[in-house]
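**Student:** In the UniProt record's numbering, the protein residues as written are 1 to 679.
Ideal Cβ placement from N, Cα and C applies to all residues, glycine included.
All values reported here derive from a predicted model rather than from experimental measurement.
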Amino acid sequence: MVSLGRGQGSKAEDLIHKAQLLSGQWVFLQNCHLAASFMPRLCTIVDSFTQPNINMDPQFRLWLSSTPDPSFPIPILQKGFKMAIEPPRGLKGKLLQTFGYSGSGDVTEIIFNKVECGLSWKKLVFSLCFFNAVVHERKKYGSLGWNVPYEFNSSDLEVSIQMLGMLLANQEEIPWQAICYLTGEVVYGGRVTDHWDRRCLLSILNNFYSPVVLQEGFAYSSDGVYRPVSATDSLQDCRAYLESLPDTDSPELFGMHACAGRAFLESQAQTFIDTIVSMQPGISMDTLIISGGKSQDELVLEIASDILRQLPLTVEEQDTELTPGTQHSSKMKITLGSLLSGPIWAALAKTAKGHDPFINSALLTVLRQEIDRFNNLLSVITISLHSLQQAMKGEIIFTTGLEELYNSVLKSKVPEFWQLYSYMSNKSLGSWIDDLILRVNFFATWANQVITCIQLRYNSCIKLLQKQAKTSGISFSSPTADRSNIATNSIQGNPSRFWLSGFFSPQGFLTAVLQNYARQNGISVDSLTFGHRLLPTIHDEDCNLREVKRKQNIIQTAFKGSSPPENGVLVFGLYIDGARWSTTTHVLEEPFLHDRFYPLPEIVFLPQQIIQTRDTCPDEEQGELMHYECPLYRTPQRAGILLSTGLSTNFVTTVSLPTKRTSSHWVTRGVAMLCQLDD
1 MVSLGRGQGS KAEDLIHKAQ LLSGQWVFLQ NCHLAASFMP RLCTIVDSFT QPNINMDPQF
61 RLWLSSTPDP SFPIPILQKG FKMAIEPPRG LKGKLLQTFG YSGSGDVTEI IFNKVECGLS
121 WKKLVFSLCF FNAVVHERKK YGSLGWNVPY EFNSSDLEVS IQMLGMLLAN QEEIPWQAIC
181 YLTGEVVYGG RVTDHWDRRC LLSILNNFYS PVVLQEGFAY SSDGVYRPVS ATDSLQDCRA
241 YLESLPDTDS PELFGMHACA GRAFLESQAQ TFIDTIVSMQ PGISMDTLII SGGKSQDELV
301 LEIASDILRQ LPLTVEEQDT ELTPGTQHSS KMKITLGSLL SGPIWAALAK TAKGHDPFIN
361 SALLTVLRQE IDRFNNLLSV ITISLHSLQQ AMKGEIIFTT GLEELYNSVL KSKVPEFWQL
421 YSYMSNKSLG SWIDDLILRV NFFATWANQV ITCIQLRYNS CIKLLQKQAK TSGISFSSPT
481 ADRSNIATNS IQGNPSRFWL SGFFSPQGFL TAVLQNYARQ NGISVDSLTF GHRLLPTIHD
541 EDCNLREVKR KQNIIQTAFK GSSPPENGVL VFGLYIDGAR WSTTTHVLEE PFLHDRFYPL
601 PEIVFLPQQI IQTRDTCPDE EQGELMHYEC PLYRTPQRAG ILLSTGLSTN FVTTVSLPTK
661 RTSSHWVTRG VAMLCQLDD
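1. In the structure shown, what three-state DSSP assignment does Tyr598 receive?
2. Expressed to the nearest angstrom, what Euclidean distance is found between the alpha-carbon atoms of Glu116 and Gln171?
3. Taking the alpha carbon of Asn31 as the reference point, which residue from Pro58, Thr50, Leu21, Phe72 has its own alpha carbon closest?
4. Closest by CA to Thr583, which one among Leu534, Cys630, Lys94?
5. With DSSP as the reference, identify every bridge partner of residue 691, one or two as the case may be.
6. Closer than 6 Å by C-beta to Ala346: which residues in its own chain qualify, once you throw out the five before and the five after it? Chain order, please.
7. Excluding the 5 residues flanking Asn147 on each side, which residues of the same chain have their C-beta closer than 7 Å to its C-beta?
8. Tell me Cys630's beta-bridge partners as DSSP assigns them.
9. Specify, as a first and last residue, the run of the alpha helix (DSSP H) that Tyr241 falls within.
10. Based on the DSSP secondary-structure assignment, which residues constitute the bridge partners of Phe498?
11. So, using beta-carbon positions, are Pro495 and Gln455 closer together than 9 Å?
12. If the criterion is Cβ atoms closer than 9 Å, does the pair Val125 and Leu164 meet it?
13. Terminal residues of the continuous beta strand (DSSP E) containing Leu625?
14. What are the boundary residues of the beta strand (DSSP E) that Gln30 is part of?
15. For Lys92 and Thr98, what's the separation of their Cα atoms in angstroms?
16. At the level of alpha carbons, what is the spacing between Tyr241 and Val229?
17. May I ask you to check if the CB of Glu86 is nearer than 8 Å to at least one heavy atom of the ligand NAP?
18. Which stretch, first to last residue, makes up the beta strand (DSSP E) that contains Arg61?
19. What are the boundary residues of the beta strand (DSSP E) that includes Leu674?
20. Let's test the definition: count the other Cβ atoms within 10 Å of the Cβ of Ile610 and tell me whether it reaches 16, buried, or not, exposed.
21. Report back the beta-carbon spacing between Ala579 and Ala362 to the nearest angstrom; my notes put them in contact at under 8 Å.
22. Secondary structure at Leu91, three-state DSSP: helix, strand or coil?
23. Can you give me the start and stop residues for the alpha helix (DSSP H) that Val159 sits inside?
24. Quick one: any contact between the stretch 553 to 570 and the stretch 426 to 442, if contact means 3 or more CB pairs under 8 Å?
25. Cutting at 8 Å between CB atoms, please list the residues of its own chain near Val300, excluding the five before and the five after it.
26. What does the Cβ neighbour count give for Ile276, buried or exposed, with the cut at 16 atoms within 10 Å?
27. Who are the Cβ neighbours of Gly508 in its own chain at under 6 Å, not counting the five residues just before and after it?
28. Assuming Ser221 and Glu243 are in contact, meaning their beta carbons sit under 8 Å apart, how far apart are those beta carbons, in whole angstroms?
29. Straight-line CA distance for Ser428 to Ala304?
30. Quick check on the DSSP output: the alpha helix (DSSP H) that includes Ala133 runs from which residue to which?
31. For the stretch 253 to 267 against the stretch 349 to 363, are there 3 or more C-beta pairs whose distance is under 8 Å?
32. Counting C-beta neighbours from all protein chains within 10 Å, is the total for Gln51 16 or more, i.e. buried, or is it exposed?
33. Does Asn407 get closer than 9 Å to chain D when you measure Cβ to Cβ?
34. Could you work out which residue in Met166, Tyr209, Ser65, Gly24 is closest to Gly184 when comparing CA atoms only?
35. Considering only the alpha carbon of each residue, which of Gln520, Ala269, Arg309, Ser65 lies closest to Phe81?
36. Looking only at C-alpha atoms, which of Val571, Lys140, Ser562 sits nearest to Ala269?
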């Protein structure tokens, strides 16, 4: 037997040649996926077995093991017998494997009957094995289970059992804190990279490693079917009990709601459908002639033309009439970027004394950056689609990138090249284009409103300076007499409510809000955080989720609503996954069976100093209410690139939601807030 890896290829080849000549020898090469460079040579060796002049013992056998890997030669698979070993599915199968017969499982007779570990040993070992099965099987629930699908293995359980035995051996009291820390933080937690997954892992472990597990009559499920073994049960009794368990798992065992089970079944069905679709052949010309349908090229050209017709070239595509003074009345092309870098803005900045909430607003920088990002994305889309049209007409060469664009448009997927310049989204191409148009319209309206506000401020300053020059003879003094009017109009350029989902960088927007508050009050931005308050009703509650995303609704909500809060911002357009917001009790509630996603009401983000939020813990009761620190993600996928902070690029912030249940209840439910849905 040879474990393949670096430098093991020559050893394996020599062993095969020697075993071929000896009588009744078998060779086992394991971990072929770790020796990709040796696979072509191995394929040649296997091909030589069928040569007529080769000297080989009839009893010689070559065994190979590998995980699914594209480097493994297909000809070897075609020539040999294949056997797939898959891990058992479901809690019952996983537990039966752990307590396997003939000593093949992780828990043997010797381990199960450790007398020196006390009467609680068997229950705690069984709870640990149950916990191990739960963290393995949670993966099937997708993002509701784990943000990242972790590959826990048998060594995690083996080490945890050994540590449990050492901590309980000849001890009168059970060191719960040490057991939970070593198992949750060190062994299993060592594989968990996402901060919120680690919080979930520890909450799950607390259900299996706690004094309540040792109480008489305790059960893991409300129906009492799943329960720990007793101190008098033998290993055979334990196996017999496991054999009697149901073959299907209830989401309750994983700490999840029944809607998670429905989501799992829908995911399986979607995977099955996608597999079937991927196996379908392309549209042939004969089929098109018979059916009278359009060819693939015609479909792609039609979709490309439709996209180009819908999208503007830039966010601020239209002309704006700029009348900075009485002497200028000509119509010119103006954008927010050119205005902020021009003489008008410079003149306004000179007139401002101290902290001006409009002139010194960090939101202007955010708005300018967002417009630049969207302009870049629109440029990429426009240029690539024009190139695709030219290539399909034979005017330019079809490159690899254009082929990928062609196939993506045909399959209604967002091209990978566009995603490099885009915001996070899992939407199909049609929904993605509609969403992009909504975002562009939002920022175009915001930019126009800021430009109008700048014009009004500038004209007001010009009139005031002219008036001062006539009355006092001072040509250009700062308009300090009109400070109250300036302060009143300082927030007119911003929306009354912000569509957080529309930002390329929601974190950048929230940071800018904190910066504005810090500048206004003369404190450090590092000492600030957000408090949250959900408004009583959901905006346009009678509308379904698709209607809420309409252009006129977003623009009306953002720019034509009531006045914004004095401190902080109003945010709308967020959703919650795995729970729902009750409009009657105004707390977090369980979702209905057939619905997983729910719209949230408008949320007030209030900047406040961190020291003010340490007086109450999220789990501390305030009357009957508690609070759940709910993570907010950009997409339902939740996973992203892991940063050095331990947080994902998909993560935005946390929002404190009032609830009548403990925080751990929603943690194990996998409840999270989302900026957008997939469709």
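**Tutor:** Answer, in terms of the structure:
1. Locating residue 598 in the sequence shown gives position 598, where the first residue counts as 1. It is a strand residue.
2. Within the sequence shown, numbered from 1, the residue matching residue 116 stands at position 116. Within the sequence shown, numbered from 1, the residue matching residue 171 stands at position 171. Spanning the two alpha carbons is a distance of roughly 9 Å.
3. Along the sequence shown, read from residue 1 onward, the residue named residue 31 stands at position 31. Residue Phe72 is the option with its Cα nearest to Asn31.
4. In the sequence shown, the residue the question calls residue 583 occupies position 583. Looking at the Cα atoms, Leu534 is the closest of the given residues.
5. There is no way to answer for residue 691, as the model of the chain reaches only from 1 to 679.
6. Counting from 1 along the sequence shown, the entry for residue 346 is found at position 346. Counting only Cβ-Cβ distances below 6 Å, and skipping sequence neighbours, we find nothing.
7. Here the question's residue 147 lines up with position 147 in the sequence shown. The answer, listed in chain order, is Asp194, Trp196, Asp197, Arg638, Ala639, Ser648.
8. Translated into positions along the sequence shown, residue 630 becomes position 630. Partner(s): Val655.
9. Taking the first residue of the sequence shown as position 1, residue 241 is located at position 241. Residues 235 to 243.
10. The residue given as residue 498 occupies position 498 in the sequence shown. Val571.
11. Locating residue 495 in the sequence shown gives position 495, where the first residue counts as 1. Locating residue 455 in the sequence shown gives position 455, where the first residue counts as 1. Contact: no.
12. If you number the sequence shown from 1, residue 125 lands on position 125. If you number the sequence shown from 1, residue 164 lands on position 164. Yes, these two residues count as a Cβ contact at 9 Å.
13. Sequence index remark: in the sequence shown, residue 625 carries index 625 (1-based). Counting along the chain, Leu625 falls outside any beta strand (DSSP E), and DSSP gives it neither H nor E.
14. Here residue 30 refers to the residue found at position 30 when the sequence shown is read from its first residue. Run containing Gln30: 26 to 30, per the beta strand (DSSP E) assignment.
15. Numbered from 1 along the sequence shown, position 92 holds the residue referred to as residue 92. Numbered from 1 along the sequence shown, position 98 holds the residue referred to as residue 98. Near 10 Å, if we compare the C-alpha coordinates of Thr98 and Lys92.
16. Here residue 241 refers to the residue found at position 241 of the sequence shown. Here residue 229 refers to the residue found at position 229 of the sequence shown. Approximately 9 Å between the Cα atoms of the pair.
17. Ligands in the displayed structure: none, and consequently the ligand NAP is not present.
18. Taking the sequence shown and counting its residues from 1, the one referred to as residue 61 is at position 61. From DSSP, the beta strand (DSSP E) with Arg61 extends over 61 to 64.
19. Counting from one through the sequence shown, the residue named residue 674 turns up at place 674. Here the beta strand (DSSP E) through Leu674 covers 672 to 674.
20. Position 610 of the sequence shown, counted from the first residue, corresponds to residue 610. Per the 10 Å Cβ criterion, exposed.
21. Start at 1 with the first residue of the sequence shown, and residue 579 comes out as number 579. Start at 1 with the first residue of the sequence shown, and residue 362 comes out as number 362. With a Cβ gap of about 33 Å, Ala579 and Ala362 do not count as contacting.
22. Mapped onto the sequence shown, residue 91 falls at position 91. Note: Leu91 maps to helix in three-state DSSP.
23. Along the sequence shown, read from residue 1 onward, the residue named residue 159 stands at position 159. 154 to 168 is the span of the alpha helix (DSSP H), which, as asked, contains Val159.
24. yes
25. For this step, residue 300 is matched to residue 300 along the sequence shown. Taken in chain order, the residues that qualify are Leu388, Met392, Tyr406, Val409, Leu410.
26. Your numbering for residue 276 matches position 276 in the sequence shown. With fewer than 16 other Cβ atoms within 10 Å, it is exposed.
27. For the purposes of this step, residue 508 is identified with residue 508 of the sequence shown, where counting begins at 1. Same-chain partners within the cutoff: Val366.
28. Walking along the sequence shown from the start, residue 221 turns up at place 221. Walking along the sequence shown from the start, residue 243 turns up at place 243. Going by Cβ atoms, the distance from Ser221 to Glu243 rounds to 17 Å, so no, they are not a contact pair.
29. As a first step, residue 428 is located in the sequence shown; it is residue number 428 there, counting from the start. As a first step, residue 304 is located in the sequence shown; it is residue number 304 there, counting from the start. Cα-Cα distance, rounded: 15 Å.
30. Residue 133 sits at position 133 when you count from the first residue of the sequence shown. Taken as a continuous stretch (DSSP letters only), the alpha helix (DSSP H) holding Ala133 covers 121 to 137.
31. no
32. Within the sequence shown, the letter at position 51 stands for residue 51. The residue in question, Gln51, is exposed, as its Cβ has fewer than 16 Cβ neighbours within 10 Å.
33. Here there is only one protein chain, and chain D is not present.
34. In the sequence shown, counting from the first residue as 1, residue 184 sits at position 184. The option with the nearest alpha carbon to Gly184 is Tyr209.
35. As a working note, residue 81 is residue 81 in the sequence shown. Closest option to Phe81, Cα to Cα, is Ser65.
36. In the sequence shown, the residue the question calls residue 269 occupies position 269. Cα-wise, what sits closest to Ala269 is Lys140.
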